[in-house]
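There are 2 protein chains.
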Amino acid sequence: MTTRHHLPVAYEHGTGGSILSGTSRTDAPGGCAEAEEDDRLLQVGDIAKATGKTVRAIHHYEEVGLLTPHARSKGRYRLYDHAALSRVRWIGKLHDLGLSLSQIQQIVSTWEASSSAPGAMSRIRDVYQQKLEEVREQIAHLENLEHELVASLAYLDTCETCDPAELVAACTNCNLHDKSKAEPELVAGIRGGNGHCRQGSNHR
Amino acid sequence: MTTRHHLPVAYEHGTGGSILSGTSRTDAPGGCAEAEEDDRLLQVGDIAKATGKTVRAIHHYEEVGLLTPHARSKGRYRLYDHAALSRVRWIGKLHDLGLSLSQIQQIVSTWEASSSAPGAMSRIRDVYQQKLEEVREQIAHLENLEHELVASLAYLDTCETCDPAELVAACTNCNLHDKSKAEPELVAGIRGGNGHCRQGSNHR
DNA sequence: CGCAACCCTCACGCATACGTAAGGGTCAGG
DNA sequence: CCTGACCCTTACGTATGCGTGAGGGTTGCG
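As they're listed, the protein sequences go chains P and H.
Using numbering that gives the first Met the number 0, read the first sequence as starting at 0 and increasing by one per residue.
Using numbering that gives the first Met the number 0, read the second sequence as starting at 0 and increasing by one per residue.
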């Protein structure tokens, strides 16, 4: 909604859909003959908005070698092509996958230093393959925690039947809970552990 | 297997199962009449080993108010009761759930400042309930990434049929891939984004 | 008593991924 | 030409969760 007024080179004219489109354009220097399609360039702010990142983050990606502007305007404004959008989203996803920016940088380096295309892809594949396993482990771990949470919530349900006048210290001797199942760790950890005279384990 | 020799107060004698048990004991000062059960005290190193944390981490937990030794030896050694084990494991789980130590501290404070037991439990419940939803979101997110990884790997499989002499720059014009499905974002981001004259989106 | 194995209290260090402020140009409509 | 909305570079700041010494006691078997 932030009304854009005067753009140097990349324009928006739409009403909010995908940012920019327009008439004026600036083909970047460098002698790249390209098909038409959509070669309007984007400013850093456009990239930021379109990807949900901050301008600072985009700059940061550049600092660590993850992104390079396609060109610069006369006034040294960074100008990006649309591939930059893919790149930034890609960075975000890999980051979500738990890769650090420097690890991502290594992938980029690997790719760029590689001459053989399938060779490069093969290494990327290895990284992805390994990440896939890690992600599956993480999922399993989270599902574990999920179950623990559910169990704890069920356990804590019983507390609703407790007398509100009861003091927390009395929990140690509580006998409202189902004796057949142990106290979930997520519950056990709350009590005790701060030195105060405590130690009973399972309320009996 | 680090042989323990001279312990101040908490002993081990077992053969590796659960750390400690023994004969000598030191009931902590403070006038806590307790049932027998298992009130031998543990040193910080014991807690560390039993929980997989480092001694420094245990100290750190204390620094931020998450854990307090049950007592101190004459020589100022920290002595913990078994509840500390639960507490440390609990901290670890909550941390895995994405809570920061200070957030965990808030839970502890909430608990300790609370007089009404069910009231306190109710607030803990709320936290857990919310965490449960977050965890489920995280799982969904990871599953999304998992699918993207799988799709990308499938896509990259095709690259194996590519001529190893092919240059990475040629990927732009690659036509080996199934034209019916789009290039996964995890693949698209690799190419382009570093300014070099590029911009074709889907290899045609 | 001697010694190994532990523990204690500072207190600075570190890696990540930006946040944020400072001081100062650039762009294009009006 | 003016102006508002943007952008640039430089550079220090921040929050987390411990890591890593430094310098120096404590414990208790033998």
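For each residue, glycine too, the CB sits at the ideal point set by N, CA and C.
What residues from the region 133-153 of chain P come within 8 Å of chain H, judged by C-beta to C-beta, listed N to C?
-> Of all residues in the region 133-153 of chain P, Val134, Arg135, Gln137, Ile138, His140, Leu141, Glu142, Leu144, Glu145, Glu147, Leu148, Val149, Ser151 and Leu152 have a Cβ within less than 8 Å of some Cβ in chain H.
Starting from tyrosine 79 of chain P, trace the beta strand (DSSP E) both ways and give me its first and last residue.
-> For tyrosine 79 of chain P, the enclosing beta strand (DSSP E) begins and ends at 77-79.
Cross-strand partners of glutamine 67 of chain H (DSSP beta bridge) = Here the sequence assigns threonine to residue 67 of chain H, which means glutamine is not the residue at that position. BP columns for threonine 67 of chain H point to P/Asn193.
Can you give me, in chain order, the residues of the region 70-96 of chain P that have a beta carbon less than 8 Å from any beta carbon in chain H?
-> Under the 8 Å Cβ criterion, the region 70-96 of chain P contributes Ala70, Asp80, His81, Ala82, Ala83, Ser85, Arg86, Val87, Arg88, Trp89, Ile90, Lys92, Leu93, Asp95 and Leu96.
Proline 85 of chain H to leucine 175 of chain P, Cα distance in whole Å?
-> The sequence given here places serine at residue 85 of chain H; proline does not occur at that position. In a straight line, the C-alpha of serine 85 of chain H is about 21 Å away from that of leucine 175 of chain P.
Quick one: give me the first and last residue of the alpha helix (DSSP H) that glycine 91 of chain H is part of.
-> Element bounds for glycine 91 of chain H: 82-95.
Determine, using beta carbons only, whether leucine 66 of chain H and asparagine 172 of chain P come nearer to each other than 8 Å.
-> Cβ distance not < 8 Å, so leucine 66 of chain H and asparagine 172 of chain P don't count as in contact.
Output yes if chain H places a C-beta closer than 8 Å to the C-beta of leucine 40 of chain P; else output no.
-> Closer than 8 Å: no.
Would a check of beta-carbon distances place leucine 166 of chain H closer than 8 Å to chain P?
-> Interface residue, yes.
Would you decide whether proline 163 of chain H is buried or exposed? Buried here means 16 or more other CB atoms lie within 10 Å of its CB.
-> Exposed.
Where the region 116-127 of chain H meets chain P: residues whose CB sits under 8 Å from a CB there | If you check each beta-carbon in the region 116-127 of chain H against every beta-carbon of chain P, the ones closer than 8 Å belong to Ala116, Pro117, Gly118, Ala119, Met120, Ser121, Ile123, Arg124 and Tyr127.
Give a yes or no on whether the minimum CB-CB distance between glycine 21 of chain H and chain P is below 8 Å.
-> Only weak support is given to the placement of glycine 21 of chain H: the predicted model assigns it a pLDDT of 32, under 50, and the question is left unresolved by the model.
The alpha helix (DSSP H) with threonine 109 of chain P in it runs from where to where?
-> Per DSSP, the continuous alpha helix (DSSP H) segment holding threonine 109 of chain P begins and ends at 100-112.
Would you check if the distance between the CB atom of leucine 144 of chain H and the CB atom of lysine 92 of chain P is smaller than 8 Å?
-> Contact: yes.
What's the C-alpha gap between glutamate 159 of chain H and proline 117 of chain P?
-> Looking at the two C-alpha atoms, the distance is approximately 6 Å.
What's the gap between the Cα of arginine 77 of chain P and the Cα of arginine 88 of chain P?
-> Roughly 18 Å separates the two Cα atoms.
Of the listed residues P/Tyr60, P/Ile123 and P/Ile138, nearest to tyrosine 154 of chain H (C-alpha basis) = For the residues P/Tyr60, P/Ile123 and P/Ile138, the minimum Cα distance to tyrosine 154 of chain H belongs to P/Ile123.
For leucine 41 of chain H: DSSP bridge partner residues | Residue pairing by DSSP places leucine 41 of chain H opposite H/Tyr79 in a beta bridge.
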